[in-house]
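Here the structure is laid out as structure tokens; the discussion comes afterwards.
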Ligand code: GLN
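Residue numbers (this note's numbering): 1 to 542.
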């Protein structure tokens, strides 16, 4: 099978939307009848994203086969509406690890193992594997970081080597940023010109430019970029700020981006694209005006003076998908649980929200504040959705407040507590000893049986589901019967009944805690059923 590779690299600065651009291009190619897959390259030495701080790196996105990857994999899944697996993610650490393992096995037959070509060869090998596995016509390959950085040079070298071998099968797209400095009031193309020079220096001339900016690119600047960067004017795509990322495919299509891409490979579209479902989503996003206010209580928000929400990207998107699906405008606010520890009277601010969500988390910072917030929303009947740590906190809170086990806790925070309602399963503790922290979590998709009559069973409309996990600690079965007797509903368990996956509280508009991460499976055109139920309860008002 013949695979074509489209590399997406960044210029000028990171964070301008390479991931969204790749995903949107992928969607528009898929709409033309092609099989498309997307690969993300993270230039860090980390073997996976599991050990990267989410404040710095953003969310850790978990694939069905249990890889801890970059949040862009989530963008690909949402846009392509397909599950992406581990072969589609690589880091510098992973690539070097394979090369070193090969060397130890003697695969290089006594040769000196040179960085070039061996490392780029390994990169190419992985790309070809991903292409083969997906039977892809097009493989989009996003290289993290920006050109000119020391870190991604070997990945750019892989492009050059691939291009040398089969020039007709490789294209490069540079996503650049064009600032409009307020003091000048004019869009500047020079940083982009420099970025293109930088890739040229490595021996690559990008065939396409995506120009990210506040406003659209005008004719004189398009001409200038074309002349100085050696890119055909029709291959220069303007990408001004959009109201939502889901508008980007349309924006690209209006400029014939996918068509020019297909043509540049001397191919023809296989079908007439139909993006009407996306059009109506975009229409809904613009039309909804009745707000539904959701408070998200977390801790990975601030960096210096700036608030970032990338650490919870999929949770955010899942809330939005569900809100749009019920015709509401999602208003999401970040709440800091530490504030509730310092001043419990602040808990009253929760009254202003239609629903409260506690997402996944680790460690002790702010946990007592989360617990206080959960007591508040449980007692004041404010819809509550707890995800992973948010479920574990809800169990602890229930054990403390309803069962009266005031010292109930998770052994993650209080290893010596007398009432470890959340703990490490038998054997898990031993397994973790001396292994370091990388790759020691329960990861990936597992089946879960739902209890008849529960909110979860009603929401999913099915008896068994499959959801993705990323955690170490578990509900402690020694407390299961007592918690049930006190009114806690065990709404989901592993098929062998060993692991509690969902808890619910009755006599409440919505109180559900899930041990897994439903946010990873929410898609813009197929919102997640539990998020939809949560949003519906929230939208009903109290
Ligand atoms: N810290 C908890 C655990 O390890 C929850 C993890 C999470 O929320 N992703 O089990």
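For each residue, glycine too, the CB sits at the ideal point set by N, CA and C.
Worksheet item: Going by C-alpha distance, which of 523, 455, 363 is nearest residue 473?
Response: 363
Discussion item. Just to confirm, is the Cβ distance from residue 235 to residue 260 under 8 Å?
Written reply: yes
Worksheet item: Of all the options 355, 110, 271, 521, which has the alpha carbon lying nearest to the alpha carbon of residue 317?
Response: 521
Fill in: Rounded straight-line distance, which links the Cα of residue 233 to that of residue 179
20 Å
Item to complete: Examine the ligand GLN and report whether any of its heavy atoms sits within less than 7 Å of the Cβ of residue 521.
Response: no
Practice prompt. Please report the residue range of the alpha helix (DSSP H) in which residue 219 lies.
Written response: 219 to 229
Discussion item. Determine whether the beta carbon atoms of residue 298 and residue 369 lie at a separation below 8 Å.
Written reply: no
Item to complete: State buried or exposed for residue 176, treating a residue as buried only when at least 16 other CB atoms are found within 10 Å of its CB.
Response: buried
Discussion item. Comparing C-alpha positions only, which one of 418, 406, 422 sits nearest to residue 412?
Written reply: 422
Worksheet item: What are the residues that DSSP puts in a beta bridge with residue 332?
Response: 294
Discussion item. Please classify residue 383 as buried or exposed, where buried requires at least 16 neighbouring CB atoms within 10 angstroms.
Written reply: buried
Item to complete: May I ask you to report which of helix, strand or coil DSSP gives residue 467?
Response: strand
Practice prompt. Could you check if residue 56 is buried or exposed, using at least 16 other CB atoms within 10 Å of its CB as the buried criterion?
Written response: exposed
Discussion item. Using 8 Å as the threshold, is the C-beta distance between residue 113 and residue 96 below it?
Written reply: no
Discussion item. With DSSP as the reference, identify every bridge partner of residue 7, one or two as the case may be.
Written reply: 141, 172
Item to complete: Give me whichever residues DSSP pairs with residue 391 in a beta bridge.
Response: Bridge partners of residue 391: none, in fact.
Discussion item. Give me the residue from 135, 14, 108 with the minimum Cα distance to residue 4.
Written reply: 135
Worksheet item: For residue 479, which residues of its own chain have a beta-carbon under 6 Å away from its beta-carbon, when the five flanking residues on both sides are left out?
Response: 421
Practice prompt. Would you decide whether residue 359 is buried or exposed? Buried here means 16 or more other CB atoms lie within 10 Å of its CB.
Written response: buried
Fill in: Cβ distance (whole Å) where residue 357 is taken to contact residue 285 below 8 Å
Between residue 285 and residue 357 the Cβ distance is about 20 Å, and since that is not below 8 Å, they are no contact.
Worksheet entry | Three-state class that DSSP yields for residue 312 in the structure shown | helix
Worksheet item: Secondary structure at residue 35, three-state DSSP: helix, strand or coil?
Response: coil
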